[in-house]
Amino acid sequence: GPKVLQIPSHQIIDMGQMVTLNCDPVSNHLYFYWYKQILGQQMEFLVNFYNGKVMEKSKLFKDQFSVERPDGSYFTLKIQPTALEDSAVYFCASSSTGGASTGQLYFGEGSKLTVL
Amino acid sequence: SQLAEENLWALSVHEGESVTVNCSYKTSITALQWYRQKSGEGPAQLILIRSNEREKRNGRLRATLDTSSQSSSLSITATRCEDTAVYFCAPSNYNVLYFGSGTKLTVEP
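Following this line, the structure appears as structure tokens:
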């Protein structure tokens, strides 16, 4: 079936550094999402993105976070600067429809971020 | 506070048995989806049930939705070892899916 690819699968960085997580969504999908999952806890919504703009974001989407998809390439999540509490697995998802009420979200396998 | 919550943290059955996972939610919804996440993988959708539907089937899977009690269930019949995974309910309000903590289902031979 359709695949969402996430790069890197695992990244270890020092607190205060910048990190960019990359997502290659399903071809022709137009809606993109990032979720955060701390080990053993539920997956929490961060942000969704369409037509070059953030549509909605949660309280977890701090000012240090940003997303973009320049020229139809990777959909990226940038954290600058990182904090210890940013350690988690970040899942990217894409869908062909805008509403989670009508369509399926396809998830990648996650990018595990460890902030030391 | 969590907007969705499965009623059990973990469940174990033997292959061939049936199992039901239950979920309650706290937000108004336009639909509810069930996802499965196997170890090391991202979640994969199993069923989407809209707020005006009461039941949806997909092969061995059956989901129910009761909007008056804000609850949903996912039943799996004739379970197989490969059904071992964490099962999440995910209510949605238009563009956002809210995930519960999940129920870890183990299907033993």
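If you read the protein sequences in the order shown, they are chains A and B. Just so we're aligned, residue 925 is where the first sequence starts under the working numbering, counting upward by one. Just so we're aligned, residue 22 is where the second sequence starts under the working numbering, counting upward by one. Note that CB positions come from ideal geometry on N, CA and C, so glycine has one too.
message = Strictly below 7 Å CB to CB, what residues from chain A border B/Val117?
response = Correct list: Phe969, Asn972, Glu980, Ala1024.
key: Sequence-distant residues of its chain with Cβ nearer than 6 Å to B/Pro64 (five each side left out)   = Answer for B/Pro64: Tyr56, Gln58, listed in chain order.
query = Any idea if B/Lys47 is buried or exposed, counting beta-carbon neighbours within 10 angstroms, 16 or more meaning buried?
reply = Label assigned to B/Lys47: exposed.
key: Span separating the alpha-carbon of B/Ser22 from that of A/Ile962   = Confidence at B/Ser22 is low in this model, with a pLDDT of 49, below 50, so the placement of that residue should be treated as unreliable; the coordinate-derived value is given next. Computed Cα separation, rounded: 16 Å.
Reference A/Thr1021, options A/Asn946, A/Leu954, A/Glu1033, A/Lys983, closest by Cα = The shortest C-alpha separation from A/Thr1021 is found at A/Leu954.
ask   = What residues of chain B sit near A/Gln965, judged by a beta carbon separation below 9 Å?
value = Going along chain B in sequence order, the residues near A/Gln965 (Cβ under 9 Å) are Ser122.
ask   = Cβ atoms of B/Leu53 and B/Cys110: under 8 Å apart, would you say?
value = Their beta carbons are under 8 Å apart, which means B/Cys110 touches B/Leu53 by this criterion.
message = If I measure Cβ to Cβ from A/Gln1099 and keep anything under 7 Å in the same chain, skipping five residues before and after, which residues do I get?
response = Since the first and last residues shown for chain A are 925 and 1040, residue 1099 of chain A lies out of range.
ask   = Taking 8 Å as the CB-CB limit, is A/Glu1033 close to chain B?
value = Yes, because at least one Cβ of chain B sits closer than 8 Å to the Cβ of A/Glu1033.
message = Let me check you understand the geometry: is the CB of A/Thr1006 closer than 7 Å to at least one non-hydrogen atom of the ligand MN?
response = Of the ligands one can find in the structure shown there are none, so the ligand MN has no counterpart to examine.
task = Measuring alpha carbon to alpha carbon, tell me which of A/Lys1002, A/Gly976, A/Leu1008, A/Ser1011 ends up nearest A/Asp995.
result = Distances from the CA of A/Asp995 to each of A/Lys1002, A/Gly976, A/Leu1008, A/Ser1011 were compared; the closest alpha carbon is that of A/Gly976.
ask   = Can you find at least 3 beta carbon pairs, one from the region 123-130 of chain B and one from the region 25-39 of chain B, that sit closer than 8 Å?
value = The region 123-130 of chain B and the region 25-39 of chain B touch, with no fewer than 3 CB-CB distances between them shorter than 8 Å.
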